[in-house]
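Data block below; observations after.
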Amino acid sequence: MQALRPDQHPADPESVPTALSPGGALPPLPPASEDRLGPPDVPAVFAPPADTWRRVSPKLITVRRISSSITFAVLALITAVPVWFIWEQAWAAAIPLVVFFLWWLWAWIRAGRVVRAIGYAEREADLCVTEGLWFKHLLVVPFGRMQVVKVSSGPLLRAHGLATVELVTASATTDATIPGLPLEEARILRDRLIELSDAKGSGL
Amino acid sequence: MTDRPDTAQGAPGDDEAAPLGSLGPPPADAPGRVVVEERMHPLSPLVSLWIGVVAFGWFALTSILQGDRTFADMSDLVGRIPWWLLFLMGALLLGLAWGYWSWWTTKFIIDDAELRIENTGAFQESKRIAFSRIQSIDITQPFAARLLGLAELTIDVGADTSTKLAYLKRGRAAEIRDYLMVRAHGRSASTKDAATPDAAASAWDDLSARDEILIRLSPGEVILGAVASLEVIGLLIAFGIPMAIAAALDVPALAVGTGIIPLAIALAGFLSNRLFGQFNYTLAQTSAGVRITRGLFTLKSQTVPAHRVQAIRISQPLPWRWLNRARLDVTVLGLGLGGDGEGPATTMLLPIGRPHQVQAALAALWPGLELDRLTFNGPPRRARWLDPFAFPWLGYALDDQVVVSRLGWLNRTQQIVPHARMQSVRLTQGPLERRVGVATVQLHTTNPLGERIVHIDADEARGLVFRQMDRARSSRTDELLDPPGLRETLVHRADAPADANVWLLRTHTDAAAEQQPAPVAGYDRSFDTGGAGLADASPEAR
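In the order they appear, the protein sequences are chains X and A. All residue numbers for the first sequence refer to the numbering used here, where the first residue is 135 and numbers rise by one. All residue numbers for the second sequence refer to the numbering used here, where the first residue is 29 and numbers rise by one.
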């Protein structure tokens, strides 16, 4: 539940300062560099609802590649070693290694396109998040429905100066996650979202 | 109550529970006034340990009857009791001692703003529940408690744990439930005119004279619903395969062992579970919402406040299509309503019913919604091969309050989501859908399963997402500005002495609210409580 200031009541739109009004003390998002404003290569169905999608940081590509390398290395080891011990044949152990190597290669190549497909945009009363290549998603979350805004950053993300912003609503099926935002932008976005959900809060 | 500070209902046999009636004036006049302060029923620890108590009592009884022994021989008897039985007895006594200690140190207190549960025993604990946070309250009577006329209150605040008050006398539990519901639902409670509360008139349901029974299922219907369910078909298939293999191998013993006996056990368990759980299923319209009462041994009473409904689902498994039956589930915030393996937040509102019964139940939850009068838009024909079996059924419909989506083939469902309850919307398109130019819209509610409108034209889907967002916002704003439901006024009871704290909650429909009677005796404010007639249960007034 969002906190309700005593001088404010969400049921009364007159008293609610519209967060996007010029007088509001809402921190503006930092200008995104050229490579982060999405090229219009998305199908019309997933076109940006505002003027453009704001992409996440390209550094996320590196982060994704590193983490998938670690994951596939571990997976390859824990499958190849038992196979080797059971069959005692080098070629048998090579099968999982090859499979995971190809999988890893594919993930490595695709990482760029996957990350460039992630974007977000603010509308007047809701936040839109898009992601996915094969299975494309476009999620719209009203500011008023946000219960929690989470910012998290693991060691790998932090080393690249990135953070993940996650929105939680009362619905377990809402999975609004914006991964790989620069720390400063993540902080500002968090503050904006809290401010906006406060102003437009509509309870459950 | 405030003039009787010692209101703990301690003594066994104290049948006259303190009335909720003398509630005193409306809240603002005396903040912090304690309305109720009492312990649970003194038999509660016994009920919690009832299996142990019964076993111990049975053992004592049989050993005394069979052994021709009098209590003079007790020392001799003790010598013959096996050590493990003594151990069990010790554990039982210890459990009872602990139970009575925590019974003695636990009190629940209702004042003008909240319910508190104070435990001053081994762990100092104070739990506070503000009325406005209460989502729903259920009454459960496990078999042992039911024999003693006790009941348990489960108070749900939408968090992952619910608070229990176990056990209270049944009538008292109903009274407290009604009072808390009245306070919890504010103006959004829907209610009929106030009447004298006479809760718990029958041992078989939880209804009072003012409640209107909408549907009561006969045991035959319940059994029909259980027998013709997809679960039974699944069991038959699961056990039919080993039976067929055994028959093919010509080993009758194997067929009996692997197929028939386990199948019989599983079927008997499933059917009896359904029958006992849903026996005498009664759906009624009460002052606090739609109330479900059910159960043969364990009586359960759940109240679903109409304006806390997050989503409604009508489903029709394949066999039921021929029987012309359907079932109705609702999603309400909070987990306490769970059970029946239906997922944490879903309540079965009508386990089986004919179309007119489904319509009646639906009308009680969401008046004015007539599914037959909606026009459903289906997916385009080019998407037919994506879902060939379900295709003729798929579709969605909109009205100004809800969006309805049709899904499924083996189990045809219609999911109803009020615009005002939608949390977020997602547009999804997979590679196959992209080839055909269709997309799927997911409507996110607090129902963990979510609702979907599948395979509609992609541009239409995109438009629907954003329009749906606007609809959700505007209908939510409307609701906040002008809460639905009825208004209530606390009025002084006409036939009571002027100085007695006896009050009636009068309810008005919105239309009648304009011409409400002038409030009596200086309390010229109507306050935000829904519900009915709780305030006049004072013994002096009876």
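Think of the CB as a built atom: it goes at the ideal place given N, C-alpha and C, for glycine as much as any other residue.
Counting every other CB atom within 10 Å of its CB across the protein chains shown gives His384 of chain A a total below 16, marking it as exposed. The beta carbon of Gly123 of chain A is closer than 6 Å to those of Leu77 in its chain, skipping five residues each way along the sequence.
Across the structure, Leu356 of chain A and Ile243 of chain A are spaced so that their CA atoms are roughly 13 Å apart. Between Ser305 of chain X and Gln496 of chain A, the CB-CB gap reaches or exceeds 8 Å. If only complete runs of 4 or more residues are kept, the segment 269–324 of chain A shows the alpha helix (DSSP H) at 280–283, 289–306, in order along the chain. Looking from the CA of Leu311 of chain A, the closest CA among A:Leu477, A:Asn405, A:Gln387 belongs to A:Gln387. Taking 8 Å as the upper bound on Cβ-Cβ separation, chain A lies near residues Val274, Val275, Pro276, Gly278, Arg279, Thr303, Ala304, Ser305 of the segment 274–305 of chain X.
Excluding its 5 nearest sequence neighbours in each direction, Glu146 of chain A has C-beta neighbours in its own chain below 6 Å: Lys135, Ser154, listed in chain order. Thr308 of chain X counts as buried, since at least 16 other C-beta atoms from the protein chains shown sit within 10 angstroms of its C-beta.
With 16 or more neighbouring CB atoms inside 10 Å of its own CB, Thr168 of chain A falls in the buried class.
For the pair Gly295 of chain X and Glu479 of chain A, the Cα-to-Cα distance works out to about 37 Å.
Within 8 Å of the CB of Pro183 of chain X, the CB atoms of chain A belong to Phe494, in sequence order along the chain. At least one C-beta of chain A is nearer than 8 Å to the C-beta of Thr307 of chain X. Assignment of Met280 of chain X by DSSP, reduced to helix, strand and coil, places it in the coil class.
Nearest neighbour of Gly199 of chain A by Cα position, chosen from A:Arg490, A:Gly177, A:Thr191, A:Arg211, turns out to be A:Gly177.
Apart from sequence neighbours up to five positions away, the residues of its chain that approach Asp427 of chain A with a beta-carbon distance below 7 Å are Leu402, ordered along the chain. Beta-bridge partners assigned by DSSP to Tyr424 of chain A: A:Asn405, A:Ser433. Listed in chain order, the positions of the segment 442–469 of chain A with a beta carbon within less than 7 Å of a beta carbon of chain X are Gln451, Ser452, Val453, Arg454, Leu455, Thr456, Gln457, Gly458, Pro459, Ala467. The C-beta of Trp268 of chain X comes closer than 8 Å to at least one C-beta of chain A. Among the residues of chain X, those whose CB is under 7 Å from the CB of Arg490 of chain A are Val179, following chain order. Among the bridge pairs identified by DSSP, Val285 of chain X is matched with X:Val299. In the DSSP secondary-structure assignment, Lys193 of chain X is not bridged to any residue.
For the 8 Å CB-CB criterion, Val482 of chain A and Arg410 of chain A do not form a contact.
One alpha carbon belongs to Thr90 of chain A, the other to Tyr128 of chain A, and they sit about 27 Å apart. Pairing Gln306 of chain A with Val250 of chain A gives a Cβ-Cβ distance under 8 Å.
For the segment 230–260 of chain X, the set of residues with a beta-carbon nearer than 9 Å to any beta-carbon of chain A comprises Arg257, Ala259, Asp260, in chain order. In the three-state reduction of the DSSP assignment, Glu146 of chain A falls in the strand class, which pools E and B. Annotated three-state conformation of Val176 of chain X is coil, per DSSP. Rounded to whole angstroms, the separation of the alpha carbons of Arg490 of chain A and Phe180 of chain X is 8 Å. The three-state secondary structure of Ser329 of chain A, taken from DSSP, is strand.
Counting C-beta pairs closer than 8 Å gives fewer than three between the segment 257–265 of chain X and the segment 282–294 of chain X, which falls short of the contact rule.
For Gln387 of chain A, the uninterrupted alpha helix (DSSP H) run begins and ends at 383–393, by DSSP. Relative to the Cα of Leu175 of chain A, the nearest Cα in the group A:Leu282, A:Pro247, A:Leu114, A:Phe325 belongs to A:Phe325. Residues of chain X with a Cβ closer than 9 Å to the Cβ of His483 of chain A do not exist, since the nearest Cβ in that chain sits about 13 Å away.
When the Cα atoms are used, Leu290 of chain X and Ile204 of chain X turn out to be separated by approximately 11 Å. Note: Tyr254 of chain X is bridge-paired with X:Arg188, X:Val263 in the DSSP secondary-structure output.
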